[in-house]
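Enquirer: Could you have a look at this structure, given as structure tokens, before my questions?
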Amino acid sequence: MVAVSPYLSTHYRARLYLLNTPAWRWLVIATLIVAALPPLLFSVYYVSLLNLVLIACIGAIGLNITTGFAGQVNLGQAGFLLIGEFVAGVISIHLGPIWANFWIAAPAAMAAGGLIGVLVGWPALRVRGLYVALATLAAFFVIQHLGLRYVEYLTRTYKTGIDIKLSTLDLLFLKVESERSWYFLLLIITVLVIAAANGLVRTKAGRAWQALREHELMTQVMGVNVAQYKLIAFAVGASLAALAGMLFGFYHHTVNPEAFTVEASVEYLAMIIIGGMGSIAGAVLGAIFVVLVPYGLQWLLDTFEAPAQFLVYFSALRLGVFAFLMLIFLLLEPEGLIGLWQRVRTFFVLWPFRFRPLEAKRQ
Amino acid sequence: MRFVIDAATLASINFLLGLAIVTIYKGTRIINFALPGVMLFTAYLTVTVSGLMPLPLALLLGLGVAALLGAATFYLGIYPILGRPTYVGILTTVAIGFMLESIVTIVWKAGIVNLDLPSATFSVAGQSIRSAEAAIWATAVIVGAAFGILYRYTRLGLWLAATADNSLLARHRGIPVLVVLLLSSMVAAALAYAVGLLLGARLGVTMALGSTALRGLVVALVGGLDSVPGAALAAIILAVIESAVVIHDPRLATVVPYVVLLFILVWRPWGLLGTYEEVERI
Amino acid sequence: MSEREGTVVANEPGALCVERLEVVYHRVATAVQGVSLNVPQGKVVTLLGPNGAGKTTVLRAIGGFTPAEVATLRDGDIFFGSRNIAGRLPEETVRLGIVAVPERVKIFDTLNVEENLRATGFPLAKADLDGIWDLFPQLKNRRKIRSILLSGGERQMLALGAALCCRPSMMLIDELSLGLAPKIAAELFSLIRKLNRERGIGILLVEQNARAALEISDFGYIIESGRIVFEGPSAKLLEHGDVMEFYLGRAEDSEKSFRDVKQYRRKRRWWG
């Protein structure tokens, strides 16, 4: 049911539709067309960058739901990415590569992620704020430790070495091999995830999350089952991260237990902070920003021919620069890039005034 | 007997690290994740510089730099975010810590440097004790007692509790919040520096110091984030558990603190001796 | 300074003079504009107005904003005596003797009653403490109880007591009677008047209970939508038709019933 304007709906249902005005529909179509262009226009290198961005988007949107919407600070998102990777590896090794195709690995990864998300979220039910963050951090270390133990076990039993090798991602009607095919697959998945996330926040669960983020006790007093919704938030965030991890593993053809460290957790958190918490578009923007920063840095170093010492310790430099940017955003633009965008918009809306004037007339 | 000595040393280190966390938490309800970075940076710096100047001067320089970093952490990571939710404080201090760690990695190339502190070994009850270990114990006891008295019996403790409760209201009551928190931050950094030196004297300064610092967090949590005696108690408990586990299986040493952490978060989140923060008014 | 009633002489020590105050939140939304008011030395002045008018903003601007509160003073001056305190931090204004009793977060919940009184930047002698117990005997009975467990009235008493421990020469009180039983509110109002008469503490009182506030104050201002719309001695305000209708709940020719009235509210003219 198409409404003429988002402010003039004739029934409540119309407010829930994702694309309820012609303007939105055209915008989305235009964005999709633009998004489909890169593989046709740009070189493979840039397409591979975009692939990494898309994978990060999925994980960031998941984290945005747990942390941005429901307010449960999750310092262990990297752990769920690891789980996704490992599910891919486990299926591939224990069941055979035939079974490690997309249609089995993806649901398996998401289910495992969701389950472990609930397990991690369960201790977080009892505590508030800061302690939730620490519990997730501790959970991450435990997961990482278990992951390393499992890899050791594999090395002993199956002689695979520290990296588990994965074959190419199999869609059963198509094998995803080139960067271009990966791009289209990831684009479709990301678009679906964005749509699903947008829909999810419009449901009862979404409202419950926003309420419990603002004032948990009040929400409980109003009869909302806070514990249940907290667990759902963790489960959703974790399963999306697991999906991202699985895709990451297949994309790199390897399961590396050290691919996701604490720094990765902080990176994902930085994505949603830099992008703007509680906003799905923000998560996407943040993912783009954070993933591309190291490559921008690399380009800067190449252009200005930095001393060799910088290049050798590139990962350390990258971490330092990234931390610096995160700090800048936290201090100066707490609402992230989305906040920045809104301020720019407000500037134009209010122009030539600088501030929203008072309603009453001057005496 | 050796077990007791090792456990005591471990407990002392745990306690000092936990104390650094408690010091910052007491006034701000923020966990200062920049401390591992501060520890690394000042330790490496001091050791490098000690080749160029007499040792006491190098130590003082390191202390000065630590205090400076503590002040920087305050101005960049704590003061600007005083009214905002706590996880923001975690992230700003994490960012500062990462920046420091990356500087250390680039400049010192993650190598090992050894601190040549004059050391002696002496015997007590048939066990040989190195002077570094004795120094660690002495530091823990003296510093711990000083802080405990300071917080309990002077106004400073009250000021910190008030500031942690509501920093805006504290400012409106004339409590010199900035000065108090700045000093806390500098002192915590100095503590981290001291631990870094003590550990470095024993085993050499390496990048692993950073992960050691995180156990300070666990200690503080288990004991109660705003409790000095709690940190002492937790330090001992954790040291005993870890020493016992290490005898059984050395690789588990790194994960023991986190398992204990999870356990305490589920059972008693506010720690053994911390303030019960759960009462809320609508 | 203007020639209005309630004008202070320039540089009168201990007098608060706000001129053309303009506060903007989040760099976009104007909260108050062109607000000017005076609190002569040792007098009680009340600031009335509907919800969202900007009363609390004015008080907080006088007390001082911190960087974390996203508010800026775009324009205007605030004089306390001869000093311009506009834009100063709370620590500084407290040192000068201006103490605020905020609306919502007014005491330290995690400390007990006695600790709350001690948790100030000023030393507390035994004599001072006993003075507080004399004013609030109810609090003395609960001196070691965690203040989150106090009742609403006791919290307000504790807030006032803690403010007194800061050696105020001027108090900025926000919504004294909010959420309190009428009897307790009345007690507190007479206490305020006593503090003013006996200790010479100037009071700027923001209130919703217009009648009580006007009865204990010397001068009153009415603020609506961020602007001062009326002012005058309290006695005059109590008899003003518009004030009676909108803030005191009684029309000039009362005994009107809803059924008789075509237009429920008289138009606000602020002429008299």
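The listed protein sequences derive, respectively, from chains A, B and C.
Take the first sequence: its position 341, counting from 1, is numbered 345 in our numbering, and each next residue is one higher.
Take the second sequence: its position 129, counting from 1, is numbered 827 in our numbering, and each next residue is one higher.
Take the third sequence: its position 133, counting from 1, is numbered 169 in our numbering, and each next residue is one higher.
Each residue gets a CB set at the ideal place from its N, CA and C atoms; glycine is no exception.
If you follow the beta strand (DSSP E) that E58(C) is part of, which residue opens it and which one closes it?
Expert: Taking the first residue of the third sequence as 1, we reach residue 58(C) at position 22. E58(C) -> beta strand (DSSP E) spans 52-61.
Enquirer: Spell out whether any CB of chain B is found under 7 Å from the CB atom of P261(A).
Expert: On the first sequence, residue 261(A) is found 257 positions in, with the first residue counted as 1. Interface with chain B (7 Å Cβ-Cβ cutoff): P261(A) is excluded.
Enquirer: Under DSSP, the beta strand (DSSP E) around Y21(A) begins and ends at which residues?
Expert: Along the first sequence, read from residue 1 onward, the residue named residue 21(A) stands at position 17. Note, Y21(A): premise wrong, no beta strand (DSSP E); not H, not E.
Enquirer: Cβ closer than 8 Å: which chain B residues qualify as neighbours of I147(A)?
Expert: In the first sequence, counting from the first residue as 1, residue 147(A) sits at position 143. Around I147(A), no beta-carbon contact reaches into chain B at under 8 Å, the shortest distance being about 10 Å.
Enquirer: I'd like to know if G157(C) contacts chain A, where contact means its C-beta is closer than 7 Å to some C-beta of that chain.
Expert: Mapped onto the third sequence, residue 157(C) falls at position 121. Under the Cβ distance rule, G157(C) does not count among the residues neighbouring chain A, no pair being separated by less than 7 Å.
Enquirer: I'd like the span of the alpha helix (DSSP H) that includes E183(A), first residue to last.
Expert: Residue mapping note: residue 183(A) aligns to position 179 of the first sequence, counting from 1. It spans 183-205 - the alpha helix (DSSP H) in which E183(A) sits, taken as one unbroken run.
Enquirer: Please check if any C-beta of chain A sits within less than 7 Å of the C-beta of V71(C).
Expert: Position 35 of the third sequence holds residue 71(C). With 7 Å as the cut-off, V71(C) does not count as an interface residue toward chain A.
Enquirer: Taking all protein chains shown into account, decide if V917(B) is buried (16 or more other Cβ within 10 angstroms of its Cβ) or exposed.
Expert: Within the second sequence, numbered from 1, the residue matching residue 917(B) stands at position 219. Buried: at least 16 other Cβ atoms inside 10 Å.
Enquirer: Can you check whether the C-beta of A195(C) is within less than 7 Å of a C-beta belonging to chain A?
Expert: For this step, residue 195(C) is matched to residue 159 along the third sequence. Taking CB atoms only, A195(C) has no neighbour in chain A less than 7 Å away.
Enquirer: Does DSSP put M2(A) in a helix, a strand or coil?
Expert: The shown model of chain A, from 5 to 367, leaves out residue 2(A), and the question about it has no answer.
Enquirer: Quick one: does Y317(A) have its CB under 7 Å from some CB of chain B?
Expert: The residue you call residue 317(A) lines up with position 313 of the first sequence. For Y317(A), the answer is yes, since a Cβ of chain B falls inside 7 Å of its Cβ.
Enquirer: Name the residue from L753(B), V875(B), W965(B) whose alpha carbon lies nearest to the alpha carbon of L856(B).
Expert: Counting from 1 along the second sequence, the entry for residue 856(B) is found at position 158. Closest option to L856(B), Cα to Cα, is V875(B).
Enquirer: Please list, in chain order, all residues of the same chain as A89(C) whose beta carbon is under 8 Å from its beta carbon, the five residues on each side excluded.
Expert: Locating residue 89(C) in the third sequence gives position 53, where the first residue counts as 1. I259, E260, S261, G262.
Enquirer: Closer than 7 Å, CB to CB, is G972(B) near chain C or not?
Expert: Counted from its first residue, the second sequence places residue 972(B) at position 274. Contact of G972(B) with chain C is not assigned, every C-beta pair being separated by 7 Å or more.
Enquirer: Tell me the DSSP secondary structure of R132(A) in three-state form.
Expert: Reading the first sequence from its first residue, position 128 is the one you call residue 132(A). DSSP places R132(A) in coil when its eight states are reduced to three.
Enquirer: Could you tell me the distance, in whole angstroms, from the CA atom of S205(C) to the CA atom of G238(C)?
Expert: On the third sequence, position 169 is the one that residue 205(C) refers to. On the third sequence, position 202 is the one that residue 238(C) refers to. Approximately 6 Å, taken between the alpha carbons.
Enquirer: Taking Cβ-Cβ distances shorter than 9 Å, what residues in chain C pair up with P874(B)?
Expert: Numbered from its first residue, the second sequence carries residue 874(B) at position 176. Here the neighbours are E127, G157.
Enquirer: Is Y233(A) buried or exposed, if buried means 16 or more other CB atoms sit within 10 Å of its CB?
Expert: Translated into positions along the first sequence, residue 233(A) becomes position 229. Y233(A) should be labelled buried.
Enquirer: Just the C-alpha distance for G300(A) and R349(A), rounded to the nearest angstrom, thanks.
Expert: The residue you call residue 300(A) lines up with position 296 of the first sequence. The residue you call residue 349(A) lines up with position 345 of the first sequence. When rounded, the distance between both Cα atoms is 27 Å.
Enquirer: Strictly below 8 Å CB to CB, what residues from chain C border G781(B)?
Expert: Here the question's residue 781(B) lines up with position 83 in the second sequence. Here the neighbours are T102, A104, E105.
Enquirer: What residues of chain B sit near A136(C), judged by a beta carbon separation below 7 Å?
Expert: Translated into positions along the third sequence, residue 136(C) becomes position 100. Under the 7 Å cutoff, chain B gives H870.
Enquirer: Have a look at E151(C), R179(C), D210(C) and flag the residue whose alpha-carbon is nearest the alpha-carbon of G99(C).
Expert: To locate residue 99(C), count along the third sequence from 1; it is residue 63. Ranking E151(C), R179(C), D210(C) by Cα distance to G99(C) puts D210(C) first.
Enquirer: Among the residues of its own chain, which have a CB less than 8 Å from the CB of A67(C), if the five just before and after it don't count?
Expert: For this step, residue 67(C) is matched to residue 31 along the third sequence. These residues qualify, in order along the chain: V59, V60, Y61, G90, T93, A107, G262.
Enquirer: Check whether the stretch 881-889 of chain B touches the stretch 764-777 of chain B, taking contact to mean three or more Cβ pairs, one atom from each stretch, closer than 8 Å.
Expert: yes
Enquirer: What did DSSP end up calling Y257(C) once you bin it into helix, strand or coil?
Expert: Mapped onto the third sequence, residue 257(C) falls at position 221. Strand, per DSSP.
Enquirer: Can you tell me which residues form a DSSP beta bridge with P269(C)?
Expert: Locating residue 269(C) in the third sequence gives position 233, counting from the first residue. Bridge partners of P269(C): F255(C).
Enquirer: Of all the CB atoms in chain D, is at least one closer than 7 Å to the CB of Y773(B)?
Expert: This model lacks chain D altogether; the protein chains it does include are A, B and C.
Enquirer: What residues match up with V80(C) in a beta bridge as DSSP calls it?
Expert: Here residue 80(C) is taken as the residue at index 44 of the third sequence, counted from 1. For V80(C), DSSP records a beta bridge to I239(C).
Enquirer: Identify, in the order they occur along the chain, each residue of the same chain with its Cβ nearer than 6 Å to the Cβ of L733(B), setting aside the five sequence neighbours on each side.
Expert: Within the second sequence, numbered from 1, the residue matching residue 733(B) stands at position 35. Excluding the 5 residues flanking it on each side, L733(B) has same chain C-beta neighbours closer than 6 Å at A718, A890, A911, in chain order.
Enquirer: Quick one, are the C-beta atoms of L289(A) and G282(A) less than 7 Å apart?
Expert: Locating residue 289(A) in the first sequence gives position 285, counting from the first residue. Locating residue 282(A) in the first sequence gives position 278, counting from the first residue. No, Cβ-Cβ distance for L289(A) and G282(A) is not below 7 Å.
Enquirer: Contact defined as beta carbons within less than 8 Å: I believe L240(C) pairs with L273(C). What is the distance between those atoms, to the nearest angstrom?
Expert: Here residue 240(C) is taken as the residue at index 204 of the third sequence, counted from 1. Here residue 273(C) is taken as the residue at index 237 of the third sequence, counted from 1. Actually they do not touch by this definition, with Cβ atoms about 16 Å apart.
Enquirer: Could you work out which residues of chain A lie near T66(C), taking near to mean beta carbons separated by less than 8 Å?
Expert: The residue you call residue 66(C) lines up with position 30 of the third sequence. Here the neighbours are F359, R360, P361, L362.
Enquirer: Could you spell out where the alpha helix (DSSP H) holding T129(C) opens and where it closes?
Expert: Numbered from its first residue, the third sequence carries residue 129(C) at position 93. First-last of the alpha helix (DSSP H) with T129(C): 126-132.
Enquirer: Residues of chain A with a CB under 9 Å from the CB of V60(C): which are they?
Expert: Taking the third sequence and counting its residues from 1, the one referred to as residue 60(C) is at position 24. Under the 9 Å cutoff, chain A gives R358, F359, R360.
Enquirer: To the nearest angstrom, how far is it from the Cα of G93(A) to the Cα of L170(A)?
Expert: Residue numbering aside, residue 93(A) sits at position 89 when the first sequence is read from its first letter. Residue numbering aside, residue 170(A) sits at position 166 when the first sequence is read from its first letter. Going by C-alpha positions, G93(A) is about 7 Å away from L170(A).
Enquirer: Please give the ranges of any alpha helix (DSSP H) in the stretch 63-110 of chain A, keeping only runs that are unbroken, at least 4 residues long and fully inside the region.
Expert: 81-94
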